[in-house]
Amino acid sequence: MGTEITLDVAGVTVTYSKNHPGIDHGSIFQDQDRKVVKSNQLDYDWYEKEDEDPTPSEMAFTRPLKDVVPRLELLGFTLERVQREYDFVAHDWLEEMRSLQDDDDEPTPQLMNFSEFLAFVTAHPLESLDDTFISGTDDAREARMRSRFGGMQFEHIPTYRSYDIHAYSERSFFGSLVDILHPYSVLRLFAETKGNNDAPVVWQYGPLVQAGWATEEKFVSSARRTETFLIATEGSSDVHILKHALALLRPGIADFFRFIDVSESHPFSGTGNLVKFAEGLAKIDVQNQVVFVFDNDAEGFDAHQRLSTLTLPVNMRGIMLPELEEFRSFPAQGPEGLHNSDINWRAAAIECYLDLDVGGHPPAKVLWTNYKKGLGSYQGALEYKDSYSKEFLKQTAETLAEGKYDVRKIDAILELLVAECTAIKVEQWARSMSN
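Residue numbers (the working numbering): 36 to 470.
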């Protein structure tokens with residue numbers, strides 16, 4: 036019969052392979068997800084009788100669905116992408132049905148639109164569906180499986196053919212109806228149901244390895260290099276702060292981000308050099324996914340404007356640190372004294388996004404430095420910025436849990452960064468589909 040390896044969620048298989056590793060799903064897991072999971076491919080009576088340890092055959096990666104979603108999104112599987120994929124599938128299915136239709140056939144059934152399909156998926160949390168094996172003839176078995184769904188016309192679902200449904204329970208029948216897209220799109224759809232949040236996503240490789248079809252070294256976790264994003268910043272401080280912020284606030288996806296090595300010095304420090312670096316990468320058609328990050332200050336704004344005049348490939352984007360309401364009226368010291376000013380686009384370097392109430396300094400303020408004639412604006416810098424940076428780099432998951440450090444502003448940067456990286460992946464997929 037062979038040995039199967041599957042990717043399951045709450046017992047529903049979304050893809051599988053037999054006697055071969057199949058699709059590499061390591062990217063949706065991390066090292067801590069490698070665990071022992073009971074397997075329905077093992078004869079536990081035999082293990083007990085022979086006094087053998089089944090653990091090697093139970094090895095798997097498993098992670099709650101809600102924790103898989105952020106990783107799926109950085110792989111490009113947003114709900115927007117899922118909808119576009121569904122529309123492609125529905126369109127192709129209609130074209131196929133119409134090409135096979137004779138004049139005396141019944142009209143081609145109206146297919147569900149994506150909103151209707153999503154409503155169907157979210158109406159049935161996986162754990163609410165019976166997973167008991169249903170025996171009997173094909174027609175009788177399917178009738179029992181269908182009964183849960185209130186006489187729904189499954190012909191309105193793209194690719195549905197009753198004779199292609201190979202299910203053994205109510206839950207597996209539902210999974211077969213929904214499993215018409217990329218496996219990760221199916222996971223993303225299931226994640227829209229709150230009742231599925233804690234459903235385990237399991238990639239169990241133990242049986243395949245123990246049967247000799249693969250080695251354990253074949254199964255590794257974390258984002259692959261081609262799936263990571265190189266984050267290019269203006270200076271070394273930005274690198275240290277962003278890396279630490281990701282480790283603290285986004286540990287479940289931190290492995291998707293890489294940074295320029297600044298252990299000795301920053302090879303492209305300053306806004307001008309960062310723009311030149313971007314231009315060089317674009318000209319030589321580097322395939323890496325790259326995001327160029329500029330400060331929310333006058334120099335950063337100027338550089339970002341210059342970058343926007345370049346024709347960047349789909350795998351590259353430039354962003355500025357986000358404008359924040361907290362910066363609309365911020366203490367600023369200049370020739371005319373101390374006044375509250377809007378420092379967005381003028382003086383909000385990355386240190387301004389840290390907690391400015393720590394370190395025992397006087398109230399935070401920026402100091403106006405030089406006038407940028409081309410922009411008609413002053414450039415400013417945060418006083419004691421290095422000290423604020425050092426305080427942040429001291430923070431740990433434990434100190435953040437105590438709630439004594441305000442991470443709201445730095446979290447806004449991460450939210451923007453993740454959104455831009457996700458957009459890169461979605462656009463790359465859209466381009467590939469249009470070619």
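We put the beta carbon where it would ideally sit given N, CA and C, even for glycine.
Note that the structure is predicted; figures quoted are calculated from it, not measured.
Residue interval of the alpha helix (DSSP H) (run including residue i)
| i | result |
| --- | --- |
| Lys84 | 79-84 |
| Lys70 | Where Lys70 is concerned, there is no enclosing alpha helix (DSSP H), although the beta strand (DSSP E) it sits in stretches over 69-71. |
| Glu108 | 100-109 |
| Val255 | Taken as a continuous stretch (DSSP letters only), Val255 belongs to no alpha helix (DSSP H), as it is neither H nor E. |
| Ile445 | 443-469 |
| Ala267 | Premise fails: Ala267 lies in the beta strand (DSSP E), 264-268, not in any alpha helix (DSSP H). |
| Thr434 | 432-436 |
| Ser62 | That residue, Ser62, is in no alpha helix (DSSP H); it is neither H nor E in DSSP. |
| Tyr440 | Run containing Tyr440: none; DSSP gives neither H nor E here. |
| Glu115 | 114-134 |
| Lys425 | 420-428 |
Extent of the continuous beta strand (DSSP E) to which residue i belongs
| i | result |
| --- | --- |
| Thr48 | 47-53 |
| Met147 | Where Met147 is concerned, there is no enclosing beta strand (DSSP E), given that its DSSP letter is neither H nor E. |
| Glu39 | 39-44 |
| Thr346 | That residue, Thr346, is in no beta strand (DSSP E); it is neither H nor E in DSSP. |
Closest by C-alpha distance to residue i, when choosing among the options
| i | options | result |
| --- | --- | --- |
| Gln368 | Met355, Gln340, Tyr413 | Tyr413 |
| Ile319 | Leu347, Pro91, Arg341, His339 | Leu347 |
| Phe427 | Gly46, Tyr440, Ser364 | Tyr440 |
| Phe208 | Phe294, Val156, Asn231 | Val156 |
| Tyr388 | Gly372, Ala416, Thr404 | Ala416 |
| Trp272 | Val393, Ile58, Asp78, Phe294 | Looking at the sequence provided, one finds Ser at residue 272 rather than Trp. The option with the nearest alpha carbon to Ser272 is Phe294. |
| Ile448 | Ala384, Gln340, Tyr419, Tyr79 | Ala384 |
| Phe184 | His159, Phe291, Asp390, Val401 | His159 |
| Phe329 | Val244, Leu316, Val321, Asn308 | Asn308 |
| Val236 | Ile40, Ala45, Leu435, Arg466 | Ala45 |
| Pro302 | Glu269, Gln324, Ala317, Leu284 | Glu269 |
| Lys253 | Ile58, Glu39, Ser467, Ala465 | Ile58 |
| Tyr419 | Val401, Glu361, Asp127 | Val401 |
| Met355 | Asp88, Leu451, Gly305, Pro286 | Leu451 |
| Thr143 | Thr194, Gln463, Gln340 | Thr194 |
| Glu358 | Asp446, His191, Gln430, Arg341 | Asp446 |
| Ala313 | Asp296, His339, Ile288, Ala289 | His339 |
| His201 | Leu129, Ala289, Val47, Asn350 | Val47 |
| Ile288 | Asp214, His275, Phe264 | Phe264 |
| Tyr423 | Tyr406, Asp137, Val442 | Val442 |
Residue i burial status per 10 Å Cβ neighbour count (16 or more: buried)
| i | result |
| --- | --- |
| Ala154 | exposed |
| Gly395 | exposed |
| Trp403 | buried |
| Asn231 | buried |
| Lys444 | buried |
| Pro370 | exposed |
| Thr228 | buried |
Check: Would you call the stretch 252-262 and the stretch 52-62 touching, i.e. three or more CB-CB distances under 8 Å?
Finding: yes
Check: Fully enclosed by the stretch 348-415, which beta strand (DSSP E) runs are 3 residues long or longer?
Finding: 351-355, 365-369, 372-376, 401-407
Item checked: Runs of alpha helix (DSSP H) wholly within the stretch 279-325 (minimum 4 residues, chain order) -> 306-318
Margin query: Does the structure place the stretch 320-339 close enough to the stretch 373-380 that three or more beta carbon pairs sit under 8 Å?
Written below: yes
Next item on the list: Counting only runs of 4+ residues fully inside the stretch 157-245, write out the alpha helix (DSSP H) ranges in chain order.
Entry: 173-181, 205-213, 218-225, 241-245
Notebook entry, point to check: Do the stretch 243-251 and the stretch 40-59 touch if we need at least three Cβ pairs shorter than 8 Å?
Noted result: yes
Margin query: I'd like to know if the stretch 94-110 and the stretch 222-240 are in contact, where contact means that at least 3 CB-CB pairs between them fall below 8 Å.
Written below: yes
Item checked: Cβ contact check for the stretch 107-120 and the stretch 456-464: 3 or more pairs under 8 Å -> yes
Note to self: Does the stretch 265-282 come into contact with the stretch 120-137, if we say contact requires no fewer than three beta-carbon pairs (one atom in each stretch) closer than 8 Å?
What the structure shows: no
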